[in-house]
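Remarks on the structure that follows.
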Amino acid sequence: MSFNITPSNYRDHHSLAHEMGNLWENNGWMVWDRTGGEDILLWASPYRLFGGQPGGPYALGDVALSQTLLVRAATPAPGQAAMRDNPFLCVGYDLGDHLPAQAIQVDIDASRARWQVGNRQVIARPPQWSLHGEHAGVGLDLSMQAMGPGFWFTDPQARVEETEEQWFVACARAKGVIDVQGERIPISGFASHERHVHCGVRYNPVKTLSARGVTWHGGGAGDTQIIFLSRPSLGLAWCRLVHQDQVLDFSAPEHRYAIDETEFWVDPQSRLQIPCAWRSTFEGPSGQVVVRARAHARAYYLWPHYKHGCTVLYWWLAQANVQIRARNGLSLEIEDMQYIVHDNRLLYRQHRND
0 MSFNITPSNY RDHHSLAHEM GNLWENNGWM VWDRTGGEDI LLWASPYRLF GGQPGGPYAL
60 GDVALSQTLL VRAATPAPGQ AAMRDNPFLC VGYDLGDHLP AQAIQVDIDA SRARWQVGNR
120 QVIARPPQWS LHGEHAGVGL DLSMQAMGPG FWFTDPQARV EETEEQWFVA CARAKGVIDV
180 QGERIPISGF ASHERHVHCG VRYNPVKTLS ARGVTWHGGG AGDTQIIFLS RPSLGLAWCR
240 LVHQDQVLDF SAPEHRYAID ETEFWVDPQS RLQIPCAWRS TFEGPSGQVV VRARAHARAY
300 YLWPHYKHGC TVLYWWLAQA NVQIRARNGL SLEIEDMQYI VHDNRLLYRQ HRND
């Protein structure tokens with residue numbers, strides 16, 4: 000049976016953007032592991048941004064980006080996660096990091112797609128992928144193997160020319176090495192892949208990311224990975240559980256869901272009050288999922304490239320208790336799962352007496 004993501008899904012939409020007006024696309028990987036007494040979180044992605052629409056949301060022309068985010072924090076004892084002011088690395092999304100559009104090179108054939116920006120390469124041979132090369136002092140030599148099929152949020156048969164968007168994620172295992180200025184960190188953990196394209200004039204991120212914006216949760220332990228994404232203000236949510244060879248979906252509107260922020264912390268760096276604990280539930284035809292998570296480290300940055308607004312993006316390392324009661328008979332309770340939370344929310348928009 001063929002995999003439901005192919006190299007052609009990594010097409011570069013740069014030339015299409017000039018016809019359709021705007022472009023935002025990524026090819027990103029979130030990797031996490033517990034190793035050497037530390038919790039590790041990596042986000043690595045190239046991006047294209049093109050703001051060609053007169054009156055559109057983007058305050059830039061035609062640029063490329065290469066982003067690396069790395070968080071390292073001591074693994075807390077079970078049940079002892081608590082927020083603190085941790086150091087982190089985040090390079091690539093600031094205005095001063097923008098690169099010329101031609102900095103991204105994309106090469107695709109029937110067997111693989113390769114995106115390269117600088118020394119960093121992202122190679123897709125679905126259901127296998129790899130990350131290689133150095134950026135911001137972080138060298139990567141990582142291989143990812145899919146856990147289950149890709150999770151499509153848009154119609155995989157539709158072309159971006161028609162829909163103006165493409166969006167899928169994939170659960171995977173990750174193995175290899177992260178090199179931080181000569182320190183080699185062995186990785187044998189989990190990964191979640193996002194490929195997201197907005198090309199055209201319909202997408203308005205300042206509006207879409209208002210209120211609670213978009214949130215992305217993921218965790219892994221043993222033979223199990225769980226991910227969910229939601230746009231709570233729009234009433235949209237998707238949840239996937241992969242356990243051994245089983246793949247279960249718990250998505251809205253077929254399933255009732257709630258993603259509640261239960262505790263908060265004032266970040267001493269940004270002075271923002273941010274969530275640091277969550278209780279999430281999905282319940283319906285596939286069964287019930289309950290996740291209680293508490294964070295112990297964070298990273299953050301801004302999306303500053305809009306004409307009349309700005310969003311703030313936070314990432315958290317957390318530990319979670321996960322309970323699964325599936326209608327097919329699967330019953331799981333996982334204590335102290337390593338867990339990741341990511342939010343992208345509007346920080347500011349221009350107001351005109353509103």
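Heads up: the sequence shown begins at 0 in numbering that gives the first Met the number 0, then just goes up one per residue.
Where is the CB? At the ideal position from N, CA and C, for every residue including glycine.
Quick caveat: nothing in here was measured; it's all calculated off a predicted structure.
So, helix, strand or coil for S209, using DSSP? Locating residue 209 in the sequence shown gives position 210, counting from the first residue. Here S209 sits in coil by DSSP.
Helix, strand or coil for Q318 per DSSP? As a working note, residue 318 is residue 319 in the sequence shown. Three-state result, Q318: strand.
Based on the DSSP output, what are the partners of E133 in its beta bridges? Mapped onto the sequence shown, residue 133 falls at position 134. DSSP output for E133 lists G138 as bridge partner(s).
Touching by the beta-carbon criterion (3+ pairs, under 8 Å), the stretch 147-155 and the stretch 73-89: no
Alpha-carbon spacing of G20 relative to A317, whole angstroms: If you number the sequence shown from 1, residue 20 lands on position 21. If you number the sequence shown from 1, residue 317 lands on position 318. Whole-angstrom Cα-Cα distance: 39 Å.
Taking the alpha carbon of H216 as the point to measure from, which residue in L301, V176, G175 and S279 has its own alpha carbon closest? Here residue 216 is taken as the residue at index 217 of the sequence shown, counted from 1. Among L301, V176, G175 and S279, the Cα nearest to that of H216 is on S279.
Burial state of F281 (16 or more Cβ within 10 Å): For the purposes of this step, residue 281 is taken as the residue at position 282 of the sequence shown. F281 comes out buried.
Cutting at 6 Å between CB atoms, please list the residues of its own chain near N320, excluding the five before and the five after it. Position 321 of the sequence shown holds residue 320. R291 and E334.
Residues in the same chain with beta-carbon distance under 7 Å from I226, minus the five sequence neighbours each way, listed in chain order, please. The sequence position of residue 226 within the sequence shown is 227, counting from 1. Shown here for I226: same chain residues with a beta carbon closer than 7 Å to its own, the five before and five after excluded, namely V168, C170, S191, H216, G217 and R239 in chain order.
Within its chain, find whatever has a CB closer than 6 Å to the CB of V241; leave out the 5 residues flanking it on each side and keep chain order. As a position in the sequence shown, residue 241 is number 242, starting the count at 1. M146, G147, C170 and Q224, listed in sequence order.
Excluding the five sequence neighbours on either side, which residues of its own chain have a C-beta within less than 7 Å of the C-beta of L329, listed in chain order? The residue given as residue 329 occupies position 330 in the sequence shown. Same-chain partners within the cutoff: H242, Q245 and I323.
When you compare the CB positions of R344 and T310, do they come within less than 8 Å of one another, or not? On the sequence shown, position 345 is the one that residue 344 refers to. On the sequence shown, position 311 is the one that residue 310 refers to. Yes. Within cutoff.
Considering only the beta carbon of each residue, do Y305 and Y46 sit closer than 8 Å? The residue you call residue 305 lines up with position 306 of the sequence shown. The residue you call residue 46 lines up with position 47 of the sequence shown. Not in contact: Y305 and Y46 (Cβ atoms no closer than 8 Å).
Decide yes or no for the touch test of the stretch 25-40 against the stretch 149-164: beta carbon pairs closer than 8 Å, at least 3 of them. no
Determine the contact status of V105 and D11, defining contact as a CB-CB distance below 8 Å. Taking the sequence shown and counting its residues from 1, the one referred to as residue 105 is at position 106. Taking the sequence shown and counting its residues from 1, the one referred to as residue 11 is at position 12. In contact: V105 and D11 (Cβ atoms closer than 8 Å).
With 16 as the cutoff for other CB atoms within 10 Å, does L233 come out buried or exposed? Position 234 of the sequence shown, counted from the first residue, corresponds to residue 233. Classification for L233: exposed.
For Y92, does the count of other Cβ atoms within 10 angstroms reach 16, so buried, or fall short, so exposed? The count along the sequence shown starts at 1 and reaches residue 92 at position 93. Under this definition Y92 is a buried residue.
Could you check the C-alpha separation between H295 and W314 for me, to the nearest Å? Within the sequence shown, numbered from 1, the residue matching residue 295 stands at position 296. Within the sequence shown, numbered from 1, the residue matching residue 314 stands at position 315. Separation of H295 and W314 (C-alpha to C-alpha, rounded to the nearest whole angstrom) is 11 Å.
Beta strand (DSSP E) segment containing A16, residue limits: Looking up residue 16 in the sequence shown gives position 17. Note, A16: premise wrong, no beta strand (DSSP E); alpha helix (DSSP H) at H13 to M19.
Minimum length 4: unbroken alpha helix (DSSP H) runs contained in the stretch 171-246: 204-207
In chain order, each alpha helix (DSSP H) run of at least 4 residues that lies wholly inside the stretch 252-308: none
Residue span of the alpha helix (DSSP H) that contains E161, given as start and end: Here residue 161 is taken as the residue at index 162 of the sequence shown, counted from 1. Here the alpha helix (DSSP H) through E161 covers V159 to T162.
Of the choices S1, N118 and G188, whose alpha-carbon is the least far from that of M336? Locating residue 336 in the sequence shown gives position 337, where the first residue counts as 1. Among S1, N118 and G188, the Cα nearest to that of M336 is on G188.
Quick check: the Cα distance between G55 and V200, rounded to an integer number of angstroms? The residue you call residue 55 lines up with position 56 of the sequence shown. The residue you call residue 200 lines up with position 201 of the sequence shown. Cα-Cα distance, rounded: 7 Å.
Cα-Cα separation between I273 and L346, rounded to whole angstroms: The residue you call residue 273 lines up with position 274 of the sequence shown. The residue you call residue 346 lines up with position 347 of the sequence shown. In a straight line, the C-alpha of I273 is about 12 Å away from that of L346.
Residue from A257, L139 and R211 whose Cα sits closest to the Cα of R183: Here residue 183 refers to the residue found at position 184 when the sequence shown is read from its first residue. Measuring from the Cα of R183, the nearest candidate turns out to be L139.
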